[in-house]
Amino acid sequence: MKKTTAGLFGLAHPHSVAHLKTLIQSDWVEKILVFDESVDVVEQVKKTYGEKVATGYSDLDHMLSEVDVDFGIACFRNDLNADLCMRLLQTGIPVISEKPIGHTAASVEEVVKTAKEANLLLGVMYQNRYHPTTQEAKALVQSGVIGDVTACESRMVTSQVKFRNPKHWLFNNAQSGGGILSWLGCHYIDLVAYVLGEDIVQVSGTVDTLSGEDIDVEDVASLTFRFANGALGSMQAGYHLAVSGAGYMGPSYDTYMGFRGQLGRVFWEPTKAPPELHVESVANGWKTAPQRSSTYGLPQVDAYGGAHGLAFIDDFIKAIQGEGEPPTTGEDALKVARIVEAVYESSETGKRIDL
Numbered sequence: 001m002k003k004t005t006a007g008l009f010g011l012a013h014p015h016s017v018a019h020l021k022t023l024i025q026s027d028w029v030e031k032i033l034v035f036d037e038s039v040d041v042v043e044q045v046k047k048t049y050g051e052k053v054a055t056g057y058s059d060l061d062h063m064l065s066e067v068d069v070d071f072g073i074a075c076f077r078n079d080l081n082a083d084l085c086m087r088l089l090q091t092g093i094p095v096i097s098e099k100p101i102g103h104t105a106a107s108v109e110e111v112v113k114t115a116k117e118a119n120l121l122l123g124v125m126y127q128n129r130y131h132p133t134t135q136e137a138k139a140l141v142q143s144g145v146i147g148d149v150t151a152c153e154s155r156m157v158t159s160q161v162k163f164r165n166p167k168h169w170l171f172n173n174a175q176s177g178g179g180i181l182s183w184l185g186c187h188y189i190d191l192v193a194y195v196l197g198e199d200i201v202q203v204s205g206t207v208d209t210l211s212g213e214d215i216d217v218e219d220v221a222s223l224t225f226r227f228a229n230g231a232l233g234s235m236q237a238g239y240h241l242a243v244s245g246a247g248y249m250g251p252s253y254d255t256y257m258g259f260r261g262q263l264g265r266v267f268w269e270p271t272k273a274p275p276e277l278h279v280e281s282v283a284n285g286w287k288t289a290p291q292r293s294s295t296y297g298l299p300q301v302d303a304y305g306g307a308h309g310l311a312f313i314d315d316f317i318k319a320i321q322g323e324g325e326p327p328t329t330g331e332d333a334l335k336v337a338r339i340v341e342a343v344y345e346s347s348e349t350g351k352r353i354d355l
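Oh and the sequence shown: position 15 is 15 in the numbering used here, straight run, nothing missing.
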């Protein structure tokens, strides 16, 4: 597999620097080209992050006409990001995008359509799929250790809005397209379907804005869903924690993920350090130790998500060169976007929404 030239498009996103660090860590990225409309930001990034950041641009037309990019990471504001993705794809550049790709399900669908027409890979940054606890839980659930799954439960609770700059575009509905569900809850919506291996086919939910801050997106959400195999699920999400660090990369979290079946259960706290996975089962082979726990010692890697985030990006790079499947697809992002919008519809109408 050959080394690549990566393009990082957008340097003002809350995760832009984290993505840049991941590209720097990757052995499969030879050089990085960066783009942002701010000349000062481009120059600062070039100065700060060393030789691997080969050059930067503040004129997108100039950049795309002058250089060859093997793949791009799209990190624009949500309402601008879909157009960026389509522009890159139409130029012949495979894209892995920050979630949710676009600020509406319709805009995400347009990007997915563009990728298909261009016959190029489109991925979305759902790196949590690659966390070792997620991978082991998925293997246990799908191998039948807990039997037929009847229900799952998830929770994504984090720092209050006041710690996250209420004036940020993430809290402006016209620019973001949604609140806690589209920004953080999306990861857990994706994970429950990924671990179970079943699509969500029906949702109901209630969302509200209760923080007292001057924002127009939901900061609290409660939802239930049904999977294609009949299993039920629930999720709580919100900006609730009064004791927390500030910003977007170091706040406090209260998280949970659990799957229950006829033969047992699997559960863990995704943000706990060190990570732990707990399993209870009465399946064959588990009678001598029906309750088991695993602790994971994770290597220190300065990448978004650590070692598993780096593996996620490396697998996308391999996939664009025809080596293996991509870690996520545009269709994964579209499924989540449709679920989030269905929750909003359910909250407005008081009805269950079929997908």
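All residues carry an ideal CB built from backbone N, CA and C; glycine is no exception. Model, not experiment: these values are computed from the prediction.
Per-residue burial, residue i [other beta carbons within 10 Å of its own, 16 or more giving buried]
i: LYS99; result: buried
i: ASP332; result: buried
i: LEU33; result: buried
i: VAL112; result: buried
i: ARG292; result: exposed
i: GLY335; result: One detail in the question is off: residue 335 reads as Lys in this sequence, not Gly. Buried, by the Cβ-count rule.
i: GLN300; result: exposed
i: GLU325; result: exposed
i: SER346; result: buried
i: LEU357; result: Within the shown structure, residues of the chain are numbered from 1 to 355, placing residue 357 beyond reach of any answer.
i: ALA193; result: buried
i: VAL266; result: buried
i: ALA115; result: buried
i: THR133; result: buried
i: SER38; result: exposed
i: SER420; result: Residue numbering for the chain in the displayed model covers 1 to 355; residue 420 lies beyond these limits and cannot be assessed.
i: SER154; result: buried
i: THR328; result: buried
i: THR294; result: A quick correction: the sequence has Ser, not Thr, at residue 294. Flag for SER294 reads exposed.
i: HIS62; result: exposed
i: ALA18; result: buried
i: GLY56; result: buried
i: ALA139; result: exposed
Residue i - partner residues in DSSP beta bridges
i: GLU280; result: ARG265 and GLN291
i: LEU33; result: GLY7 and THR55
i: MET63; result: Answer is none; MET63 lacks a bridge partner.
i: VAL149; result: GLY261
i: SER159; result: LEU241
i: VAL226; result: Here residue 226 is Arg; the residue named in the question, Val, does not match the sequence. Paired residue(s): GLN202 and LEU232.
i: THR255; result: MET156
i: ALA74; result: PHE9 and SER97
i: ILE353; result: VAL203
Beta carbon of residue i nearer than 9 Å to that of residue j
i: VAL29; j: LYS52; result: yes
i: HIS168; j: CYS75; result: no
i: VAL201; j: PHE227; result: yes
i: SER204; j: CYS152; result: no
i: ALA174; j: GLU198; result: no
i: ALA311; j: VAL108; result: no
i: SER159; j: GLY245; result: yes
i: TRP268; j: GLU276; result: yes
i: VAL207; j: LEU181; result: yes
i: ILE313; j: LEU23; result: yes
i: VAL145; j: LEU263; result: yes
i: ARG164; j: GLY247; result: yes
i: GLY177; j: ASP79; result: yes
i: TYR253; j: MET156; result: yes
i: ASP219; j: VAL282; result: no
i: GLY7; j: VAL67; result: yes
i: HIS103; j: ASN81; result: yes
i: ASP216; j: ASN172; result: yes
Cβ distance (whole Å) where residue i is taken to contact residue j below 8 Å
i: LEU64; j: THR91; result: 5 Å
i: ASP36; j: SER58; result: 6 Å
i: MET257; j: LEU191; result: 7 Å
i: VAL69; j: SER97; result: Going by Cβ atoms, the distance from VAL69 to SER97 rounds to 14 Å, so no, they are not a contact pair.
i: PRO274; j: THR255; result: Not a contact, Cβ separation roughly 15 Å.
i: MET1; j: GLU323; result: 6 Å
i: GLY309; j: GLN44; result: Actually they do not touch by this definition, with Cβ atoms about 23 Å apart.
i: ASP214; j: PRO290; result: Not quite, the Cβ-Cβ distance comes to about 52 Å (not below 8 Å), so this is no contact.
i: THR5; j: LYS31; result: 5 Å
i: ASP302; j: LYS21; result: 5 Å
Contact with chain D by residue i, beta-carbon distance below 9 Å
i: SER252; result: Within the model displayed, chain D is absent; a lone protein chain is all it includes.
Neighbourhood of residue i by C-beta distance below 6 Å, restricted to the same chain and skipping five residues each side
i: ILE353; result: VAL203, ALA342, GLU345 and SER346
i: LEU88; result: GLY72 and VAL95
i: ILE93; result: VAL69 and GLY72
Distance cut-off 8 Å: residue i Cβ against heavy atoms of the ligand FAD
i: LEU191; result: This structure lacks the ligand FAD; in fact it carries no ligand of any kind.
Close beta carbons around residue i, own chain, < 7 Å, minus the five adjacent residues each side
i: SER222; result: GLY205, THR206 and GLN236
i: ALA86; result: Sequence check: residue 86 is Met here, not Ala. GLU110, VAL111 and THR114, listed in sequence order.
i: VAL141; result: VAL149, VAL195, LEU196, PHE259 and VAL266
i: GLU238; result: The question names Glu, but residue 238 is Gly in the sequence shown. The residues are VAL157, ILE180, ASP219, VAL220 and ALA221.
i: GLY297; result: PRO274
i: LYS318; result: MET1 and GLY324
Contacts around residue i, its chain only, beta-carbon distance under 8 Å, and the 5 residues preceding and following it disregarded
i: GLY50; result: ILE24
i: THR150; result: ALA231, LEU232, ARG260, GLY261 and GLN262
i: HIS187; result: LYS99, TYR126, ASN128 and MET156
i: ILE339; result: ILE189, ILE200, VAL203, PHE225 and LEU355
i: GLU136; result: LEU277 and SER294
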